Amino acid sequence: MTWLSAPFAYPFMVEAAAIAVIIAVPSALLSCFLVLKGWSLMGDGIAHGVLPGIVLAYIFGLPLLIGAFVAGMICALAAGWLDANSRVKQDTTLGIVMAGMFGLGIVIYTQIPSDAHLNHILFGNILGVGRADFLSAGSIAAAVSLILILKWRDFAMLAFDQVQARVAGLPVAWLHYGLLAMISAVVVAMLSAVGLILSVALLIAPGAIAFLLTRRLQAMLAVATAVAVFSGLGGVWASFWLDSAPAPTIVLFLTAIFIAAFIWRQIATRRASAA
14 MTWLSAPFAY
24 PFMVEAAAIA
34 VIIAVPSALL
44 SCFLVLKGWS
54 LMGDGIAHGV
64 LPGIVLAYIF
74 GLPLLIGAFV
84 AGMICALAAG
94 WLDANSRVKQ
104 DTTLGIVMAG
114 MFGLGIVIYT
124 QIPSDAHLNH
134 ILFGNILGVG
144 RADFLSAGSI
154 AAAVSLILIL
164 KWRDFAMLAF
174 DQVQARVAGL
184 PVAWLHYGLL
194 AMISAVVVAM
204 LSAVGLILSV
214 ALLIAPGAIA
224 FLLTRRLQAM
234 LAVATAVAVF
244 SGLGGVWASF
254 WLDSAPAPTI
264 VLFLTAIFIA
274 AFIWRQIATR
284 RASAA
């Protein structure tokens with residue numbers, strides 16, 4: 014069993030596994046509601062849209078996480094406002110806002126002298142996380158997870174039927190923008206570990222996998238969390254033996270599990286139809 018525990022004999026591998034588990038829980042819970050609500054692209058858009066905030070925060074000497082959160086909220090709120098006040102569909106407005114914000118970030122980044130590595134911003138540096146990363150990611154993860162666990166019924170009604178949620182007296186606007194704020198916060202939590210580009214996989218894949226495997230929301234939340242944690246630990250472990258980057262390896266684990274779940278669902282559906 015040495016081959017199983019050998020990677021975690023190194024402190025930096027233990028820290029990478031710990032941060033992977035920390036970010037896995039809130040991203041998995043959030044992904045369930047994003048999949049049900051049809052907001053999968055929202056996570057992608059916000060993940061790309063935080064880049065100008067990061068660059069501007071670096072220029073003014075502010076914490077990068079603050080810049081990322083502010084830019085993420087601007088991206089989410091702008092897309093939400095355009096969707097509510099125009100004939101253009103949500104995926105189109107999100108694509109325009111995301112592309113504009115990402116382009117702005119790249120332009121600003123190329124115009125300033127900087128020792129910051131863009132690769133670490135885009136792809137993360139899970140093997141180099143520090144105490145500050147654990148504190149910020151842990152705080153965000155705990156807050157988002159607690160909110161989703163306590164208010165999962167409200168967010169479920171919002172995801173399934175927004176009109177019914179309003180009739181039931183739920184604060185739809187607060188839930189709507191609260192969900193957008195939590196997406197931004199979770200993207201910020203994942204910034205140091207998996208970066209902007211790969212964070213979208215953690216905001217989509219766990220919920221999509223659980224949606225294929227379950228029929229009840231509570232079970233979906235549990236399965237998504239288990240899948241995300243397993244993929245996080247498995248990806249970090251496999252990256253040691255493959256000599257690969259942990260974050261993309263985690264995404265490959267999620268992709269493989271999704272393919273397996275899809276095949277299983279297809280087989281189960283055909284058997285049910287034949288019976």
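For the record, in the sequence shown the residue sitting at position 156 is 169 according to the numbering used here, with numbers rising by one throughout. Each residue gets a CB set at the ideal place from its N, CA and C atoms; glycine is no exception. No experiment lies behind these values; they were computed from the predicted model shown.
Asked                                                                                                     : Found
Inter-stretch contact at 8 Å, needing at least 3 Cβ pairs: the region 211-227 / the region 42-49          : yes
Top-ranked residue by Cα proximity to Ile-299, from Asp-96, Gly-151 and Ser-205                           : In this structure the chain extends from 14 to 288, so residue 299 is not present and cannot be described.
Ser-44 in three-state terms, based on DSSP                                                                : helix
Own chain, CB closer than 6 Å to Asp-97, minus 5 neighbours either side, in chain order                   : Rather than Asp, the amino acid found at residue 97 in this sequence is Ala. Cβ neighbours of Ala-97 beyond the five flanking positions: none.
Val-27 to Ile-125 span [Cα, whole Å]                                                                      : 36 Å
Span of the alpha helix (DSSP H) around Leu-277                                                           : Before going further, note that residue 277 is Trp rather than Leu in the sequence given. First-last of the alpha helix (DSSP H) with Trp-277: 259-287.
Segment limits, alpha helix (DSSP H) that includes Ile-125                                                : First-last for Ile-125: undefined, no H or E at that position.
Given Gly-141 as reference, the closest of Ala-260, Leu-64, Val-180 and Ala-37 once Cα atoms are compared : Ala-260
Same chain, Cβ closer than 7 Å to Ala-178, five either side skipped, listed in chain order                : Met-170, Leu-171 and Val-185
Backbone secondary structure at Trp-254 - three-state DSSP                                                : helix
C-alpha distance - Ala-258 paired with Ser-252, whole-angstrom precision                                  : 6 Å
Beta strand (DSSP E) runs wholly inside the region 48-122, at least 3 long, in chain order                : none
Rounded distance between the beta-carbons of Val-199 and Pro-39, thought under 8 Å                        : 5 Å
Segment contact flag, the region 97-116 with the region 154-174, C-beta cutoff 8 Å, min 3 pairs           : no
Contact check, Ala-214 vs Ile-35, beta carbons under 7 Å                                                  : no
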